[in-house]
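Below you'll find the structure, written out as structure tokens, and then a few comments.
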Amino acid sequence: MVIRYSRILEKGLEDVFYCWARIKTDQSNIQERFINCRPSDFWRISGDETRYTEFISYYIKPSGVITVSLRSKDVFRNGLFELRTVLPRWERGPMIWFGFENEDLFGGGCIHFMWDSANSLLKAFAGGFISRAEMDLTKFISEKVSQEYHFYRIFFTEDFATWYINDRLRAFAIFADGDNRDSKILYDDHPYVVSLVRDRPSAKLGVLLDIDAGDISKTYIWDKIHPWSLRVSETYEKPMIYIDLYQSNSDLKIVGQEIMKRIYSAPFPGVFDYIKISFKTSGEGVLTVEEYDDEWSEYDKIKIRSNVKNNIYIDKKRSLLYRVLYEPYNTGVIKEAHVIMK
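Reminder that position 190 of the sequence shown reads as 238 in the working numbering, one-by-one numbering, no gaps.
Below, the structure is given as structure tokens:
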């Protein structure tokens with residue numbers, strides 16, 4: 049199962065998506081109506097380019113329409129979603145939803161982005177009908193998000209999901225089940241947001257591209273979205289993830305830093321079978337690995353010698369989050385600081 053332009057070029061949008069619109073009615077006892085539509089009624093594509101791969105294309109929500117929704121006919125396990133687009137800003141404008149979701153109102157689960165065009169807010173959602181983690185990613189977007197193309201990427205497995213903006217990991221959701229179907233934010237700062245979701249999404253999810261709400265007396269045209277820039281497929285069940293350690297609450301990598309005082313890394317998830325922390329510095333000090341389950345506590349501590357690579361394996365038990373604390377004895381430059389997880 050895959051969504052790519054060659055399939056749409058050969059067989060049309062209708063082969064990949066179904067479409068519905070939500071409209072107001074004039075009937076006194078019926079407020080709204082869902083109607084079945086053709087995707088090509090609202091997403092109008094062509095092979096014409098203003099420059100290479102920047103196709104002329106329009107996704108339209110006409111006046112009088114509350115919501116236009118495109119949903120994929122295929123569903124994806126361990127899905128990978130990639131979209132290259134320009135997110136529009138509109139006065140009193142609608143929300144744009146894109147990513148994975150089975151049906152409306154998060155039924156069956158959701159793992160997607162939401163762009164609030166009126167307030168210039170970008171969020172990531174993960175969860176189900178009862179409860180969702182709502183992660184605010186606005187602090188990570190460029191001022192030119194509505195002038196230039198950017199890449200938006202989602203990857204999910206049965207245990208976690210990740211959201212990328214361009215080349216940067218910006219959100220991570222841990223999936224679980226429990227006595228309550230609740231969700232919470234575990235870490236909300238730079239370089240990424242981490243959440244815990246106990247209303248686990250379905251193992252198989254469809255794709256959505258929605259334009260929703262706003263001033264329904266107006267027509268809204270999303271004119272920088274084309275199937276050429278959309279890729280969706282199934283991918284690896286147990287991927288290897290390589291994360292550079294960042295200074296807590298910053299976009300600054302620890303590697304390359306000259307460290308003269310104690311420094312914490314940003315936390316990273318602990319929901320993997322294999323976790324290896326690698327650390328090397330020209331100085332000397334003490335490295336402490338801390339774990340988080342409602343509060344931070346010490347997991348392991350080792351002495352760091354100058355220019356000796358240290359590998360720390362987390363294999364005794366699993367906590368939601370881990371982080372690294374380095375306390376130098378003397379000034380040194382960090383030569384290696386990353387985590388490999390699988």
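Just so it is clear, CB atoms sit at the ideal spot from N, CA and C, and this is done for glycine as well.
Secondary structure at S277, three-state DSSP: helix, strand or coil?
helix
Length of the line joining the Cα atoms of C67 and L61:
10 Å
Should the segment 182-190 be regarded as contacting the segment 215-226, the criterion being three or more beta carbon pairs within less than 8 Å?
yes
Exposed or buried, N150, counting other C-beta atoms within 10 Å across all chains shown (16 or more means buried)?
buried
Tell me whether the beta-carbon of W276 lies closer than 8 Å to the beta-carbon of I259.
no
Looking at the strands, I want to know which residues DSSP matches up with S241.
According to the sequence shown, residue 241 is Val rather than Ser. Partner(s): A219 and D236.
Hey, how far is the Cα of F320 from the Cα of G156?
25 Å
I'd like the span of the alpha helix (DSSP H) that includes I56, first residue to last.
Y53 to K59
Do the segment 164-179 and the segment 287-295 make contact, defined as three or more Cβ pairs closer than 8 Å?
no
Residue closest to Y212, alpha-carbon to alpha-carbon, out of I233, V241, Y235 and E196:
V241
Exposure label - M389; buried when at least 16 CB within 10 Å:
buried
Taking all protein chains shown into account, do 16 or more other C-beta atoms lie within 10 angstroms of the C-beta of Y107, making it buried, or fewer, making it exposed?
buried
Quick one: measure Cβ to Cβ for V245 and A261, integer angstroms, because I've assumed they're closer than 8 Å.
At roughly 24 Å, the Cβ-Cβ gap does not stay under 8 Å, so V245 and A261 are not in contact.
Under 8 Å between C-beta atoms of S117 and I104
no
Assigned secondary structure, E62 (DSSP; H/G/I helix, E/B strand, else coil):
helix
7 Å CB neighbourhood of I83 in its chain, flanking five on each side removed:
W68, A69 and I71
Taking only the alpha-carbon atoms, compute the straight-line gap between N77 and Y340 and give it to the nearest angstrom.
53 Å
Neighbour-count burial assignment, E285, 16 or more Cβ in a 10 Å radius:
exposed
Exposure label - L17; buried when at least 16 CB within 10 Å:
Outside the displayed span of the chain (49 to 390) sits residue 17, for which this structure offers no information.
May I ask you to report which of helix, strand or coil DSSP gives P87?
helix
Can you grab the Cα-Cα spacing for the pair D122 / I352, in whole Å?
51 Å
Per the DSSP calculation, Q295 is bridged to which residue(s)?
S313
If distances are taken between C-alpha atoms only, which option among Y290, Y197, A172 and E306 comes closest to I233?
A172
Under 8 Å, do L128 and F203 count as touching if we go by C-beta distance?
yes
Kindly indicate which three-state DSSP category T186 falls into: helix, strand or coil?
helix
A261 in three-state terms, based on DSSP:
coil
Quick one, which of T205, L135 and L335 has its alpha-carbon nearest L253's?
T205
Any idea if L57 is buried or exposed, counting beta-carbon neighbours within 10 angstroms, 16 or more meaning buried?
exposed
State the Cα-Cα distance for the pair G380 and S345, rounded to the nearest angstrom.
26 Å
Using DSSP bridges, identify the partner residues of M389.
I289 and I323
Helix, strand or coil: which one does DSSP assign to D363?
coil
Where K383 and V303 are concerned, what is the direct C-alpha to C-alpha distance, given to the nearest angstrom?
5 Å
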